[in-house]
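Colleague: Below are the structure tokens for one structure; questions will follow.
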């Protein structure tokens, strides 16, 4: 598991083989010198061996003459094969040796197996459904949902750990344990059916995600410097299907969800007044909701309809720049999408001449509205600095609101530095700490600072929050993947006759890479899920049913899968019990060989009665299976603490079994004699049924 994302298929196969051979080799030793080597000496020897093989692998990779002789890829594959074979064998040997030496030795072994699964699949956390890439790529190329494969791997991990735990335990309780395990796996499936897949929670610093409507309480602080981290910010949060073709001229799609517009005495936050931000919709509507009457200049805008599938809960619905109509849409995959809706937006088609010469604000606003959209901290530095920035405006633009906003934006573009490493959040006014300090911050700092300066110039402004996605990510298709990294805050100004206009600073210098690689396969898969008409119909039929319990067909399918899993596991246990004598230490042959013989008898209905001793069982079938009596004598003679006869010895086939363990070939010979006796005395149909029986070992005791 650990090697799979780190090497080639040949390297992973070598890792599997090396670990397997090391474990089998250690298990075949009993009391040998290998088991008596000091741990430090063994660890040092394995480290030296691994270092030498690593050097050889590097030599195979780096030397040109080997590549010319063998070929570049064969030389590389050979190097990977050698390295992972020795590395896995060393780790497996060390862990298995501790498991054999100490009673607590199985704990590190189990922890290692657990960590192997957890580390390999950890990248899937927070809704990263395309990771780990070696699973995501395999699934996405074939149009499959990676989560299905990941759930299968998770079940396999649970089964692997359970088998490791129970190998040394009471074999008669295996069916009980496996039944409980199957119920646990089934409950996982039912849980996913009921509550859906894990979802990313990566954009709460902007107040976008989370249950419930609205942007949060007034006591919250959007400047969460300590919570900003660029790791795992590529988690997908939504998929957008364009019903109309649209390419933004500014190179980015802006999806507005909410806004910070009301000054609460400390900073801007979501408006609690009913007369502010009438163009925003705070709650997901149960039926069609329209705010088109609050969007001016509709003749200068273009209608674009999109269907949005949310992969994580959001506080409010969002849409392109100026959404005017929201309505719920059928959810084609309730396990994948937390919510789906259709939104119509009137995206602006403004040219520069349309923006110049406009007055700020709206003549229809009340005095209270004007005051709220101009309210800001009582800090004269904002006004003084903003006036300084617009003092050298070209003639004819001195009093133009849009030109002033562009001047402020241009200064922030040239002088601001984008960074997630800053300490402004706990200042009395984080925006002032940013603007009049090192001018180093992220989008929230730039948006607040610009908004305060716009307001100081008498221009109504607010901070819009949502997502900004590069237009190139759409790659010419009809779908656009929104990721957590696209969470964004930007300033907006209100121009008479046009409404809210985005004037977003884009700093030319950055200390952190916030770009995102287009994930076309994942984008296409989610889009196909969202647009699947057949799934729409299935969802509608499901919604029409009054009961929310799984259907009979679903339960039957789950039960059949659980039953098939149990049968397969039972067969694996049977095969393991039949084959393990080949590599079991000689001192354990009396136990595993006798157990294998009893399994063979149990498969054809020859079983010990409850409370019957092994000697009595052998005597009861002495006439039909004389070899069973011999096997029982041999087994009891070598069982610790069991005295078979006063003489303490037994002569059989010219061999003495007193005082030492018998060779594996002798045991195999007796088992072959027993198989021949079964063929002679048991009907063929009974033997055939015994061959197909998955768990004869259940009756062996």
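Numbering (our numbering), first residue to last: 2 to 702.
Ideal Cβ positions, reconstructed from N, Cα and C, are used throughout, including at glycine.
1) From residue 671 to residue 610, what does the alpha carbon distance come to, in whole angstroms?
2) As an exercise, report each continuous alpha helix (DSSP H) stretch of at least 4 residues that is fully enclosed by the segment 403-473, in chain order.
3) Give, in chain order, every unbroken run of the beta strand (DSSP E) that is at least 3 residues long and sits entirely within the segment 472-502.
4) Of the choices 8, 385 and 450, whose alpha-carbon is the least far from that of residue 416?
5) Looking only at C-alpha atoms, which of 103, 95 and 101 sits nearest to residue 113?
6) By the DSSP assignment, the alpha helix (DSSP H) with residue 397 in it spans what residues?
7) Who are residue 323's beta bridge partners in DSSP?
8) Does the beta-carbon of residue 103 have 16 or more other beta-carbons within 10 angstroms, so that it is buried, or is it exposed?
9) Mapping the DSSP letters down to three states, classify residue 582 as helix, strand or coil.
10) In terms of DSSP beta bridges, what is residue 234 paired with?
11) Look up residue 652 in the DSSP assignment and say whether it is helix, strand or coil.
12) In or out: residue 625 buried (at least 16 other Cβ within 10 Å) or exposed?
13) Helix, strand or coil: how does DSSP classify residue 39 here?
14) What is the DSSP secondary structure of residue 594, reduced to helix, strand or coil?
15) How would you write the range of the beta strand (DSSP E) that residue 373 sits in, first residue to last?
16) Taking Cβ positions, are residue 525 and residue 472 nearer each other than 8 Å?
17) Let me make sure I understand the geometry here. Which of 309, 101, 510 and 398 has the alpha-carbon closest to that of residue 440?
18) Check whether the segment 79-97 and the segment 44-59 touch, using three or more Cβ-Cβ pairs below 8 Å as the test.
19) If you draw a straight line from the C-alpha of residue 434 to the C-alpha of residue 53, how long is it?
20) What is the residue span of the alpha helix (DSSP H) that residue 388 lies within?
21) At which residues does the alpha helix (DSSP H) containing residue 310 begin and terminate?
22) Go to residue 347, then tell me how far its beta strand (DSSP E) extends in each direction, as first and last residue.
23) Please check the pair residue 238 and residue 484, which I expect to be a contact at CB under 8 Å, by giving their CB distance rounded to whole angstroms.
24) Taking C-beta to C-beta, are residue 51 and residue 87 nearer than 8 Å?
25) Would the segment 343-358 count as touching the segment 268-277 if we require 3 or more Cβ pairs under 8 Å?
26) Can you tell me whether DSSP reads residue 700 as helix, strand or coil?
27) Could you tell me how far apart the beta carbons of residue 256 and residue 468 are, in whole angstroms, since I believe they sit closer than 8 Å?
28) Put residue 543 into one of helix, strand or coil per three-state DSSP.
29) Can you tell me whether residue 616 is helix, strand or coil according to DSSP?
30) Check whether the segment 418-427 touches the segment 453-470, counting contact only when three or more Cβ pairs, one atom from each stretch, lie closer than 8 Å.
31) Beta carbon of residue 448, beta carbon of residue 406: below 8 Å?
32) Drop a sphere of 10 angstroms on the beta-carbon of residue 23, count the other beta-carbons inside from all chains shown, and report buried for 16 or more, exposed for fewer.
33) Using the Cβ count rule (16 or more neighbours within 10 Å means buried), how would you classify residue 66?
34) If you draw a straight line from the C-alpha of residue 494 to the C-alpha of residue 352, how long is it?
35) Taking buried to mean at least 16 other C-beta atoms within 10 Å of its own C-beta, is residue 505 buried or exposed?
36) What are the boundary residues of the alpha helix (DSSP H) that includes residue 353?
Modeller: Walking through what the data contain:
1) The straight-line gap from Cα to Cα measures roughly 23 Å.
2) Listed in chain order, they are 431-436 and 444-457.
3) Taken in chain order, the complete beta strand (DSSP E) segments of 3 or more residues contained in the segment 472-502 are 480-484 and 488-496.
4) Nearest of 8, 385 and 450 to residue 416, Cα basis: 450.
5) Comparing Cα positions, the closest option is 95.
6) For residue 397, there is no enclosing alpha helix (DSSP H), as DSSP gives it neither H nor E.
7) Beta-bridge partners assigned by DSSP to residue 323: none are found.
8) The residue in question, residue 103, is exposed, as its Cβ has fewer than 16 Cβ neighbours within 10 Å.
9) Collapsing the DSSP output to three states places residue 582 in a helix.
10) Under DSSP, residue 234 shares a beta bridge with no residue.
11) Confidence at residue 652 is low in this model, with a pLDDT of 40, below 50, so the placement of that residue is unreliable and no value is reported for it.
12) Flag for residue 625 reads exposed.
13) Reduced to three states, the DSSP call for residue 39 is coil.
14) Look at residue 594 here: in three-state DSSP terms it is helix.
15) Run containing residue 373: none in the beta strand (DSSP E); it sits in the alpha helix (DSSP H), 368-375.
16) Taking 8 Å as the cut-off, the Cβ atoms of residue 525 and residue 472 do not count as close.
17) Closest option to residue 440, judged by alpha-carbon separation, among 309, 101, 510 and 398: 510.
18) Yes: at least three Cβ pairs fall under 8 Å.
19) Their backbone Cα atoms lie some 56 Å apart in a straight line.
20) 381-390 is the extent of the alpha helix (DSSP H) around residue 388.
21) In the DSSP assignment, residue 310 falls outside any alpha helix (DSSP H) and within the unbroken beta strand (DSSP E) covering 302-311.
22) Counting along the chain, the beta strand (DSSP E) containing residue 347 begins and ends at 340-349.
23) Between residue 484 and residue 238 the Cβ distance is about 6 Å, and since that is below 8 Å, they are a contact.
24) The beta carbons of residue 51 and residue 87 sit closer together than 8 Å.
25) The answer is no - the segment 268-277 does not touch the segment 343-358, with fewer than three Cβ pairs under 8 Å.
26) Helix.
27) Cβ-Cβ separation between residue 256 and residue 468: approximately 4 Å, consistent with a contact (criterion under 8 Å).
28) Annotation note: pLDDT 48 at residue 543 (below 50); position unreliable, no value reported.
29) Note: residue 616 maps to helix in three-state DSSP.
30) Too few Cβ pairs lie closer than 8 Å, so no.
31) Not in contact: residue 448 and residue 406 (Cβ atoms no closer than 8 Å).
32) Per the 10 Å Cβ criterion, buried.
33) Around the beta carbon of residue 66, fewer than 16 other beta carbons sit within 10 angstroms, so the residue counts as exposed.
34) Approximately 16 Å, taken between the alpha carbons.
35) Label assigned to residue 505: buried.
36) It spans 353-356 - the alpha helix (DSSP H) in which residue 353 sits, taken as one unbroken run.
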